[in-house]
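Visitor: Residue numbers (UniProt numbering), protein chains in the order written: chain S, 1 to 327; chain Z, 1 to 430.
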């Protein structure tokens, strides 16, 4: 098994799926000749040509709309939003069209499209290059939202998303791109969308999170283990629809649950996780379900001190975990 | 003179590390602020790292070709006048403060906090749902449990440890406080530790089965039972019923069973012997005015005892109608709690299974139960000669706290008398 970075896993998945199925093509801003501003589509233009690696105008609604049309016609487009923050002009296409086409047409039509977008902060990206947008889409039946944390999960889940017959939003944490490395098998594999994954076993507290925060939780867990506090870490991987069974199991295991996201606190993915736990786990709970999240302010600021204040990090997670363990 | 650090700067979005391709300075070199000190290669850019200070390079910590994470130390630089107002010293202070939180001084402080916590028992009796559930399921007296949580709170782990250790602190007083209900429940609904062998079927005890079990245990543990039986000659009654049954069925649409006659006779006798239509209430006995008769109706693995209300005010036909309605409701699972409540005495048709003798368990909190057994044709001496007679046994179980043999015997004799007088000539079913 080779050790590769998070973004290399993206590139490999795209490349292998394009080799496997000629219906797969990518489109987005700067994805072609430039190979993507983050280099996610590096080398694809050279290998597959301009017909399958489309540089688009700066018009996200068109990127999504073209993708939807091509998908309904039988293609498997992988559209890239250069930053998740820029997805807003495409929201009408995604929610009103992509998410509803199968339902609206009584199964006659479907939209097997994947939309990739880098999200998240901690890279001095300021207001429009740091946001988490998953909660905006997380009450739209018809959509799936995948937010992997490791190169292994990225590759397996991106392949599964491309092969999925319905629209999938695939959010990649931009800070994880080069920060996170991990082993990835050489052979072809996919991972199930809609299944959470236990990243660490423990019996004292349960941490449920997704994306880059999984690593913060794991780092904090290692530190706490030295003090005898063993944390159970569940990585949601798919944030919509949620893996209720895994959430209930993980929460019941310790009865002390910390939910972590770098998104704003109110109305986020973890709020729904909290609701699932309170509906199902009352008699196993040993402490209030805790949420650790970004503050409810419009976006991540540019000033380093302010960015640090907003952004999640291992120290904040560790502090919240210890607090819960001591409850 | 003070020593400062130069760390790997952030060289672009998503860049988390850089490789030093070459150092542009050597230890001892004088540099000005913003002078390039090294060339760094990242995934995205090749860049020169500027010095954050003016001073003398002291030590190159990172080597060429080393890959350094953003924020990690690259080199030390000696600057004029320690504690300058530059950005880095501030950062350094922050670092030191963070570091000091791991130092012995602060850990002793956190220890102090911990001892303070252990003295604090404000949350000692504040139980989480998990702790309450475990304590109740395992009969743990939480007053005797030490809490390891904040404010002395008992955590789920504390309770789980106790359960695992097997040394469960139960409260003696709480044991004796337990109601009879609890005791019968524990006698019926607790796992008994009986082993199962291969091929055995385990049937979970739930719902009606559990309720039956609890009531039976309660009844037999609480009520001192005594038993009596009389034999009744119902030849006349059989003749009466057989002569009208077909016509009755045709006319009314339901069957006229023997049981209806027995219920009628019991209701009548209860009116004359209200002692049997009563309840033991600890310091008193309550005699009921209403004669509401429970009848037992079995349905597969379930047993129901619906009530014929005011049986003493109903004709044999009225009783037959009630029995038909209740039995059919029971079979369809449509009995309501209204159909089941208010019973004062129970009549059980054990004869329908072919039984000729049985010892009924009293339907708590009633004072007695009467079992009507099978009607059997027997040779019987009568007036000095044998005759074929229809005979039936009536078995009575009685609460010996409420009733004695005499009154129970008189009651049975009266039921017998009523039944034996039921003939074609003097009894109407309407």
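We treat Cβ as the ideally placed atom computed from N, Cα and C, and that holds for glycine.
As the structure is a prediction and not an experimental result, all values here were calculated from the model.
Locate the beta strand (DSSP E) running through residue 4 (chain Z), then write down its first and last residues.
Guide: 2–7
Visitor: Taking C-beta to C-beta, are residue 30 (chain S) and residue 82 (chain S) nearer than 8 angstroms?
Guide: yes
Visitor: Any idea if residue 79 (chain S) is buried or exposed, counting beta-carbon neighbours within 10 angstroms, 16 or more meaning buried?
Guide: Buried, by the Cβ-count rule.
Visitor: Run through chain S and tell me which residues come within less than 7 angstroms of residue 10 (chain Z), C-beta to C-beta.
Guide: 124
Visitor: Figure out for me which residue from S:92, S:26, S:287, S:183 has the closest Cα to the Cα of residue 56 (chain S).
Guide: S:26
Visitor: Going along the stretch 267–290 of chain S in order, which residues come within less than 8 angstroms of chain Z, judged by CB to CB distance?
Guide: Taking a C-beta cut-off of 8 angstroms against chain Z, the contacting residues of the stretch 267–290 of chain S are 282, 283, 284, 285, 286, 287, listed in chain order.
Visitor: Hey, out of S:227, S:282, S:175, S:231, whose CA is closest to residue 313 (chain S)'s CA?
Guide: S:175
Visitor: Determine contact between the stretch 288–308 of chain Z and the stretch 342–362 of chain Z, defined as no fewer than three beta-carbon pairs at a distance below 8 angstroms.
Guide: yes
Visitor: Return the first residue and the last residue of the alpha helix (DSSP H) that residue 215 (chain S) is part of.
Guide: 213–225
Visitor: What do you get for residue 324 (chain S), buried or exposed, if any count of 16 or more other CB atoms within 10 angstroms of its CB means buried?
Guide: buried
Visitor: Should the stretch 247–262 of chain S be called in touch with the stretch 273–291 of chain S, which here means at least 3 C-beta pairs below 8 angstroms?
Guide: Taking one beta carbon from each stretch, the stretch 247–262 of chain S and the stretch 273–291 of chain S have 3 or more pairs nearer than 8 angstroms; the two touch.
Visitor: Compute the beta-carbon to beta-carbon distance between residue 128 (chain S) and residue 166 (chain S), rounded to the nearest angstrom, for a pair I have assumed lies under 8 angstroms.
Guide: Going by Cβ atoms, the distance from residue 128 (chain S) to residue 166 (chain S) rounds to 29 angstroms, so no, they are not a contact pair.
Visitor: For residue 92 (chain S), which residues in the same chain have their Cβ closer than 8 angstroms to its Cβ, ignoring the five residues on either side in sequence?
Guide: 61
Visitor: What's the call for residue 51 (chain Z), buried or exposed, on a 16-neighbour Cβ count within 10 Å?
Guide: buried
Visitor: Which chain S residues are close to residue 135 (chain Z), counting only those with a beta carbon under 8 angstroms from its beta carbon?
Guide: Result: empty, since nearest Cβ-Cβ is about 12 angstroms, beyond 8 angstroms.
Visitor: Can you name the start and end residues of the beta strand (DSSP E) that residue 76 (chain Z) belongs to?
Guide: 73–79
Visitor: Short check: CB of residue 8 (chain Z) to CB of residue 59 (chain Z), under 8 angstroms?
Guide: no
Visitor: Give a yes or no on whether the minimum CB-CB distance between residue 326 (chain S) and chain Z is below 8 angstroms.
Guide: So yes, residue 326 (chain S) belongs to the interface.
Visitor: Give me the chain Z residues within the contact set of residue 52 (chain S), using Cβ-Cβ distance strictly less than 8 angstroms, ordered along the chain.
Guide: Here the premise fails: no neighbours, minimum Cβ distance about 25 angstroms.
Visitor: What does the alpha-carbon distance come out to for the pair residue 333 (chain Z) and residue 311 (chain Z)?
Guide: 23 angstroms
Visitor: Would you call the stretch 131–145 of chain S in contact with the stretch 175–184 of chain S, where contact means no fewer than 3 C-beta pairs closer than 8 angstroms?
Guide: no
Visitor: In this structure, does DSSP put residue 94 (chain Z) in helix, strand or coil?
Guide: The pLDDT assigned to residue 94 (chain Z) is 40, lower than 50, so where the model puts this residue is not dependable, and the model offers no usable value.
Visitor: Can you pull out the residues from the stretch 174–202 of chain S whose beta carbon lies closer than 8 angstroms to at least one beta carbon of chain Z?
Guide: 174, 175, 177, 178, 179
Visitor: Of the residues Z:403, Z:161, Z:383, which one's Cα is nearest the Cα of residue 284 (chain Z)?
Guide: Proximity to residue 284 (chain Z) across Z:403, Z:161, Z:383 peaks at Z:403, based on C-alpha coordinates.
Visitor: Kindly list the residues whose CB is nearer than 6 angstroms to the CB of residue 5 (chain S), restricted to its own chain and excluding five residues on each side of it in sequence; keep chain order.
Guide: 178, 181
Visitor: Ordered along the chain, which non-local residues of its own chain (more than five positions away) have a Cβ less than 6 angstroms from that of residue 328 (chain Z)?
Guide: none
Visitor: Is the closest heavy atom of the ligand NAD to the C-beta of residue 301 (chain S) under 7 angstroms?
Guide: No copy of the ligand NAD appears in this structure; indeed no ligand is present at all.
Visitor: Check whether the stretch 259–273 of chain S and the stretch 116–132 of chain Z touch, using three or more Cβ-Cβ pairs below 8 angstroms as the test.
Guide: no
Visitor: Going by DSSP, what residue range makes up the beta strand (DSSP E) through residue 247 (chain Z)?
Guide: No beta strand (DSSP E) contains residue 247 (chain Z), which is instead part of the alpha helix (DSSP H) from 235–252.
Visitor: Residues of chain S with a CB under 8 angstroms from the CB of residue 128 (chain Z): which are they?
Guide: Under the 8 angstroms cutoff, chain S gives 255, 285, 286, 287.
Visitor: Quick one: is residue 292 (chain S) buried, meaning 16 or more other Cβ sit within 10 Å of its Cβ, or exposed?
Guide: buried
Visitor: Short of 7 angstroms in beta carbon distance, which residues of its chain neighbour residue 162 (chain S), apart from the five on each side in sequence? Order them along the chain.
Guide: 17, 24, 76, 78, 114
Visitor: Look at residue 20 (chain Z) and residue 38 (chain Z) and say whether their C-beta atoms are less than 8 angstroms apart.
Guide: yes
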